[in-house]
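Have a look at the structure below before the remarks.
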Amino acid sequence: MSGLQLPECRSQPHERSPFALSGNFEVGVHIADVSYFVPEGTALDDVASERATSVYLVQKVIPMLPQLLCEELCSLNPMTDRLTFSVIWKLTPQGKILDEWFGRTVIQSCMKLSYDHAQSMIEDPGRVFGAEELPPVSPRHTVAEVHQAVLSLHEIARQLRQQRFTDGALRLDQMKLSFTLDKETGMPQGCYSYQYRDSNKLVEEFMLLANMAVAHRIYRAFPAKALLRRHPPPQTKMLHDLMAFCNQMGLEIECTSAGALHKSLNETFGNDQYSEARKEVLTNMFSRPMQMAVYFCTGMLKNETLFRHYALNVPLYTHFTSPIRRFPDIVVHRLLSASLGLGPAPRMEKAEMQKRAEHCNDRKMASKRVQELSVDLFFGVFVKECGPLESEAMVMGVLNEAFDVLVLRFGVQKRIYCNALPLVGFQFQKVGKKPQLSLVWEPQSTEQDAPQQVITIFALVDVVLRVDSGAVKYSAVLKRPGGGDFFSLGR
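Its first residue numbered 8, the sequence shown is counted upward by one per residue in my numbering.
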């Protein structure tokens, strides 16, 4: 669990306003002190190290740590003293860091806000919230104070985010499916795209700031065995091929740096529905050359330029903010504690630290794959129970006898094979450098002419998702141009 607030700081209560300090702000990120409960070398440490990460399935979480820690001792419940590791800054309203402090603390949060609560406060800054509209608040604070704190944090986070992207950061947002589950059966009864809103961005900015601050601190203290996280640049050949494709399509996408790519994807296109769909397709395409970020031990890489995080465009980064669900964060907490003289340095030498890092990388990749399979399985069940589901799709690739589409309503990709369609014929050709397929459909009656359809990249088509009887693997179905029947495509 993590806490984000404009707090009384450094474990010493005082009565001054927590909001303004001579026009500046005091902001703290408080993370549950999991390393206090998981000492190095214990059986609990061994199990957590082996698991390395919690696994998030659609219907449940397989936790890295026992329930007693996750839901009780390390849960930052309001009006309850909790052990935390804190990073506290003095910030200008523009997000410039004037002072920074690290330490082990005891905090008592004043209210447990959901993202929805915080979003309501951000969207309606003048609203007076009734006590019944929000979770209980500490007697030492008021709802109005909490609301003002959220608004102040939001404005600082907005400035931090703007500066990050000005400095060359990249974010490739792809659609994320979420489900509502039947309480009795556990089966999906609703499906929706998770909305990444200002409240999410608020938390993300301060988590990133804390992770970067801790990375610099532990690397200064332990240059040979700090556990950091690096993000290598994209795979060169795949990126060059994608740039060539964009040139063929007449798109000016700048890929010389993470920041240039972010600017191209976010400023080149308009805000109309078609442009947003094309941006979604391009975001999917440019995600393919990207490599996975990985944990590593600094002493095992001689060149500091290899430490960089490509997408964030920063020299040093680590994971500090989620020790309940990520083992590397626990190691980082131990390193931070040792750097402050509050605990012993981890006993691991750099070779062992690197071995642990690689194990965490493997478990992270496996967890990610299982999560993707879980979403795919539940979506298949949802299509079976609630389908067929209609959606627009955008063509993202044209081959000799097939084409790929991104189903815009759900963010899933499907390949469509021409030989699975009731066609009189089809022809692949290049018009200039742009590939296209010309389809001639079988007429539905002798009085009709054969419908024709041209498939080009970024063309919009209508599809239906459905599941065959007895199966849970869904397939895409192309609707005949002009409506009418639809026909099964490749799975």
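Even for Gly, the Cβ is constructed at its ideal location relative to N, Cα and C.
Annotation for Ala231: Thr305, Gly306 and Lys357 place their beta carbon closer than 7 angstroms to its own, counting only its chain and skipping 5 residues before and after. With respect to the 7 angstroms criterion, Ile225 and Leu342 are classified as neighbours on the basis of their beta carbons.
In the DSSP assignment, Ala220 forms no beta bridge with any residue. For Ile69, the number of other beta carbons within 10 angstroms of its own is below 16, and it is reported as exposed. Collapsing the DSSP output to three states places Gln361 in a helix. When secondary structure is reduced to three states using DSSP, Met403 falls in the strand class. Separation of Gln459 and Thr243 (C-alpha to C-alpha, rounded to the nearest whole angstrom) is 39 angstroms.
Under the Cβ criterion (8 angstroms, minimum of three pairs), the region 120-130 counts as touching the region 197-215.
Leaving aside the five residues that flank Tyr203 on each side, the residues in its chain whose CB is nearer than 7 angstroms to its CB run, in chain order, Asp180. In the three-state reduction of the DSSP assignment, Phe213 falls in the helix class, which pools H, G and I.
In the DSSP assignment, Gln155 falls within the alpha helix (DSSP H) that extends over Val150 to Thr173.
Looking only at Phe32, Val62 and Gln66, the smallest Cα-Cα distance to Gln155 is reached by Phe32.
For Ile337, the uninterrupted alpha helix (DSSP H) segment begins and ends at Phe334 to Ser346. Three or more Cβ pairs closer than 8 angstroms define a contact, and the region 135-143 meets that threshold against the region 110-121. Inter-residue distance for Leu258 and Leu444 is about 20 angstroms (C-alpha atoms, whole angstroms). Annotated three-state conformation of Tyr199 is strand, per DSSP. Annotation: the continuous beta strand (DSSP E) that includes His37 extends over Phe32 to Ala39. Between the C-alpha atoms of Phe389 and Asp411 there is a straight-line separation of about 22 angstroms.
For a cut-off of 8 angstroms, the C-beta gap from Thr91 to Asp40 is around 5 angstroms, short enough to register as a contact.
Check the Cα spacing between Glu408 and each of Lys391, Thr453 and Leu430: the tightest is with Leu430. A Cβ-Cβ separation of about 5 angstroms places Tyr324 in contact with Arg236 under the 8 angstroms criterion. Distance from the CA atom of Lys190 to the CA atom of Met297, rounded to whole angstroms, is 38 angstroms. Ranked by how close their Cα comes to the Cα of Val65, the residues Arg134, Gln74 and Gln196 have Gln196 in first place.
Judged by DSSP in its simplified three-state form, Gly432 adopts strand.
Distance check between Glu107 and each of His340, Leu98, Asn273 and Phe303 places Leu98 closest, using alpha-carbon atoms only. When secondary structure is reduced to three states using DSSP, Gly102 falls in the coil class, being assigned neither helix nor strand.
If you draw a straight line from the Cα of Phe465 to the Cα of Arg285, it comes to about 6 angstroms. Measuring C-alpha to C-alpha distances from Leu188 to each of Phe385, Phe109, Leu380 and Ala265 identifies Phe385 as the nearest.
Between Val157 and Phe136 a beta carbon distance of about 11 angstroms is seen, past the 8 angstroms cut, so the two are scored as non-contacting. Secondary structure within the region 256-323: the beta strand (DSSP E) runs of 3 or more consecutive residues, fully enclosed, are 301-304 (chain order).
Closest by C-alpha distance to Pro322, out of Ser329, Asn310 and Pro330, is Asn310. Ala483 and Asp469 have their C-alpha atoms spaced approximately 10 angstroms apart.
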